[in-house]
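Enquirer:
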Amino acid sequence: MILVEKHISPSLSSITDTSPITKTTTTTIKTTLSATLTNDDELNRLPRKIAKRVDIFQPRRSQLDRETLDSHQESFRGFFTLFWIAMGFYIIQAGVKNFQSTGILVDLTFFRLFSQDAIGLILSDMCMVGSMFFSVLIQKVIARGWIRWRYTGMIIQHVFQVMFLFVPIYWTFFRGWPWVQSGFFVLHTISMLMKLHSYSFYNGELSTYVVRLSELKERFANLVGESKKSDIEVDEKDENQRQMLDQLKEKIDQVEGYLHSPSKSIRYPENVTFLNYVDFLLVPTLVYELEYPRTEK
């Protein structure tokens with residue numbers, strides 16, 4: 058399933074009414090629709106990346122899947138087995154050569170380097186990951202309407218992301234870590250920053266859809282109310298009115314579709330929870346979605 062955008066931008070000038078009896082009523086309806094659809098360009102400018110995302114997930118088996126390797130008819134099985142046999146011989150050969158030259162079977166220099174200030178590295182990494190939940194708090198505040206994503210929430214998020222990147226970099230210099238700890242910590246921070254950015258901006262843009270949806274529904278209700286007040290027995294006026302309402306209703310359905318997951322089981326802002334965020338952190342992807350495919354296991 059690929060979300061396909063359908064943008065309807067009808068020319069209001071083409072909707073005319075030549076009947077003098079309905080001139081006043083039709084003008085009122087056209088004016089109301091014009092006010093309703095004036096922000097069509099604003100809707101079209103909403104980030105199209107949400108609508109263009111591929112949300113059909115098809116299972117793609119890898120040659121290294123356990124089920125594939127267990128199959129005796131799999132041609133890759135022999136190569137996979139040969140690879141690990143070769144790796145075993147290489148490890149044994151390296152150990153023998155190292156013992157002959159240094160008298161030590163395994164050189165633990167790298168492991169001692171990696172274990173230097175290991176507790177400090179673990180605690181620092183935990184603090185870095187824990188600070189990411191600040192974005193969930195920001196999205197909760199935005200979802201409740203206390204602040205808008207554009208542009209208050211966006212500015213707060215950008216400031217936080219800058220701090221999220223540069224504080225760990227400064228911390229590696231402050232602790233005086235060797236390249237192993239510094240490289241791991243900085244690279245892990247960058248990967249988490251990508252997750253952080255995807256989560257925040259995806260949900261932030263969805264919040265703009267919620268605001269737009271509320272405006273469309275309000276204008277739709279106003280248009281329906283005005284049409285009920287003006288009951289004139291003219292079929293042409295009724296046809297124009299139905300056409301206007303259908304156009305507005307289609308836009309409401311379009312925006313509503315952006316707020317739901319592909320299976321329609323989750324709707325924004327129901328996904329803005331700490332549990333959902335933990336699930337996203339554990340999923341091996343940098344791109345946030347309202348839901349992810351699950352295997353039978």
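Quick note: the sequence shown uses my numbering, first residue 58, plus one each step.
Each residue gets a CB set at the ideal place from its N, CA and C atoms; glycine is no exception.
In this text the structure is predicted, and so the values were computed from the model without any measurement.
#1: Looking only at its chain, what residues have a beta carbon closer than 6 Å to the beta carbon of Y325, apart from the 5 residues adjacent to it on each side?
#2: Just checking my contact of V281 with L302 at CB under 8 Å: how many whole Å lie between their CB atoms?
#3: What do you get for Q300, buried or exposed, if any count of 16 or more other CB atoms within 10 angstroms of its CB means buried?
#4: Out of V219, F242 and M220, which one is the CA nearest neighbour of F230?
#5: Is the beta carbon of V219 closer than 9 Å to that of L273?
#6: Give me the Cα-Cα distance between N155 and F167, rounded to the nearest whole angstrom.
#7: For R351, which of helix, strand or coil comes out of DSSP?
#8: Determine whether the beta carbon atoms of S318 and E353 lie at a separation below 9 Å.
#9: Quick check: what's the CA-CA separation for T209 versus Y349?
#10: Ends of the alpha helix (DSSP H) at H215?
#11: Let me check understanding here. Comparing Cα to Cα, which of R169, F190 and G152 lies closest to I332?
#12: Out of V186, Q238, N260 and K308, state which residue places its alpha-carbon closest to the alpha-carbon of M55.
#13: With distances taken between CB atoms, is the gap from L180 to S255 smaller than 9 Å?
#14: Taking the Cβ atom as the reference point for each residue, do K197 and F337 lie within a distance shorter than 9 Å?
#15: In the structure shown, what three-state DSSP assignment does R205 receive?
#16: Can you tell me which of Y227, V163, F258 and G261 puts its alpha carbon nearest to the alpha carbon of T246?
#17: What are the boundary residues of the alpha helix (DSSP H) that includes Y334?
#18: On the criterion of 16 or more Cβ atoms from any shown chain inside 10 Å, does G261 qualify as buried, or is it exposed?
#19: Using 10 angstroms around the beta-carbon of Y147, count the other beta-carbons present and answer buried if the total reaches 16, otherwise exposed.
#20: Using three-state DSSP, classify R324 as helix, strand or coil.
#21: Apart from the five residues just before and just after M211, which ones in its own chain have a Cβ nearer than 7 Å to its Cβ?
#22: Could you tell me whether the Cβ atoms of I195 and F223 are closer together than 9 Å?
#23: Enumerate in chain order the residues of its own chain whose CB-to-CB distance from S257 is below 6 Å, with the five nearest sequence positions on each side excluded.
#24: Using DSSP's beta-bridge definition, name the partner residues of H317.
#25: From L339, R205 and V237, pick the residue whose C-alpha is nearest to that of D174; which is it?
#26: Between V329 and A200, which are expected to be in contact by the criterion C-beta below 8 Å, what is the C-beta distance as a whole number of angstroms?
#27: How is the alpha helix (DSSP H) around L180 delimited, first residue to last?
Expert: This is what the structure gives:
#1: Within the sequence shown, residue 325 is the residue found at index 268, counting from 1. Once the five neighbours on either side are set aside, the close Cβ partners of Y325 are L263 and L316.
#2: To locate residue 281, count along the sequence shown from 1; it is residue 224. To locate residue 302, count along the sequence shown from 1; it is residue 245. At roughly 7 Å, the Cβ-Cβ gap stays under 8 Å, so V281 and L302 are in contact.
#3: As a working mapping, residue 300 is identified with position 243 in the sequence shown. Exposed is the label assigned to Q300, since fewer than 16 other Cβ atoms lie within 10 Å of its Cβ.
#4: The count along the sequence shown starts at 1 and reaches residue 230 at position 173. Minimum Cα distance to F230 is reached at F242.
#5: Here residue 273 refers to the residue found at position 216 when the sequence shown is read from its first residue. Here residue 219 refers to the residue found at position 162 when the sequence shown is read from its first residue. Contact flag unset, no.
#6: Looking up residue 155 in the sequence shown gives position 98. Looking up residue 167 in the sequence shown gives position 110. Each residue's alpha carbon lies about 14 Å from the other.
#7: Locating residue 351 in the sequence shown gives position 294, counting from the first residue. R351 falls in the coil class under three-state DSSP.
#8: Within the sequence shown, numbered from 1, the residue matching residue 318 stands at position 261. Within the sequence shown, numbered from 1, the residue matching residue 353 stands at position 296. It is not a contact, given that the beta carbons lie outside the stated cut-off.
#9: In the sequence shown, the residue the question calls residue 209 occupies position 152. In the sequence shown, the residue the question calls residue 349 occupies position 292. Approximately 29 Å between the Cα atoms of the pair.
#10: Sequence index remark: in the sequence shown, residue 215 carries index 158 (1-based). Here the alpha helix (DSSP H) through H215 covers M211 to R232.
#11: The sequence position of residue 332 within the sequence shown is 275, counting from 1. With the sequence shown as reference, residue 332 is identified as Leu, and Ile is not the correct amino acid for it. Nearest C-alpha to L332: F190.
#12: An answer regarding residue 55 cannot be provided, because it is not within the stretch 58 to 354 covered by the chain.
#13: Within the sequence shown, the letter at position 123 stands for residue 180. Within the sequence shown, the letter at position 198 stands for residue 255. Taking 9 Å as the Cβ cut-off, L180 and S255 do not qualify as a contacting pair.
#14: By one-based count along the sequence shown, residue 197 stands at place 140. By one-based count along the sequence shown, residue 337 stands at place 280. Against a cut-off of 9 Å, the Cβ pair of F337 and K197 comes out as no contact.
#15: As a position in the sequence shown, residue 205 is number 148, starting the count at 1. Looking at R205 - three-state DSSP - the assignment turns out to be coil, as it is neither helix nor strand.
#16: As a first step, residue 246 is located in the sequence shown; it is residue number 189 there, counting from the start. It is Y227 whose Cα lies nearest to the Cα of T246.
#17: Taking the first residue of the sequence shown as 1, we reach residue 334 at position 277. For Y334, the uninterrupted alpha helix (DSSP H) run begins and ends at F331 to L339, by DSSP.
#18: Locating residue 261 in the sequence shown gives position 204, counting from the first residue. It counts as buried.
#19: Numbered from its first residue, the sequence shown carries residue 147 at position 90. A residue is called buried once 16 or more other Cβ atoms fall within 10 Å of its Cβ, and Y147, having fewer, is exposed.
#20: Residue mapping note: residue 324 aligns to position 267 of the sequence shown, counting from 1. Reduced to three states, the DSSP call for R324 is strand.
#21: On the sequence shown, residue 211 is found 154 positions in, with the first residue counted as 1. G261, listed in sequence order.
#22: Here the question's residue 195 lines up with position 138 in the sequence shown. Here the question's residue 223 lines up with position 166 in the sequence shown. No. Outside cutoff.
#23: Taking the sequence shown and counting its residues from 1, the one referred to as residue 257 is at position 200. The residues are S192 and Q214.
#24: Within the sequence shown, the letter at position 260 stands for residue 317. As DSSP reads the structure, H317 sits in a beta bridge with R324.
#25: By one-based count along the sequence shown, residue 174 stands at place 117. Among L339, R205 and V237, the Cα nearest to that of D174 belongs to V237.
#26: For the purposes of this step, residue 329 is identified with residue 272 of the sequence shown, where counting begins at 1. For the purposes of this step, residue 200 is identified with residue 143 of the sequence shown, where counting begins at 1. About 5 Å separates the Cβ atoms of V329 and A200, confirming a contact at the 8 Å cut-off.
#27: Position 123 of the sequence shown, counting from 1, holds the residue named residue 180. A175 to S188 is the extent of the alpha helix (DSSP H) around L180.
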